[in-house]
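Structure record follows, encoded as structure tokens.
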Amino acid sequence: PSPSYAMLDIMYKKSGHPEAQEGWLYYIMKPGGELTRVSGRMCVECHRAANESHPYFDKNREEIFRDYLFAPFAE
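All the letters of the sequence shown, read from the start, carry residue numbers 37 to 111 under this note's numbering.
As structure tokens, then:
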């Protein structure tokens, strides 16, 4: 069975783009195929913090490199 709700987050490396954030453009594809570029700093700041020890989620006390993951998946 297919999920009732699915969303895709996309990071596109485009260093020369005037709106790139630290070299990346961030997009969200919503159900139905609508692609929207994220203009705020939420994505880039979350990736920046992902490898540091922080007070949120599982705390990452060992500061393990995991730029691909910030919070555990939960259903």
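Beta carbons are placed, not taken as given, at the ideal position from N, Cα and C, and that holds for glycine.
If you count every other CB in all the chains shown that lies within 10 Å of the CB of TYR62, and 16 or more means buried, which is it? The C-beta of TYR62 has 16 or more other C-beta atoms within 10 Å across all chains shown, which makes the residue buried.
If I'm right that ILE64 touches VAL80 with Cβ under 8 Å, what's the distance once you round it to whole angstroms? The Cβ separation is near 14 Å, so there is no contact.
Quick check: what's the CA-CA separation for GLN57 versus ARG77? So the two alpha carbons sit approximately 8 Å from each other.
Straight-line CA distance for GLU55 to TYR48? Roughly 12 Å between the two C-alpha positions.
Test item: CB-CB of GLU99 and GLU88 under 8 Å: Inclusion of GLU99 and GLU88 in the CB contact set at 8 Å is warranted, their separation being smaller than that value.
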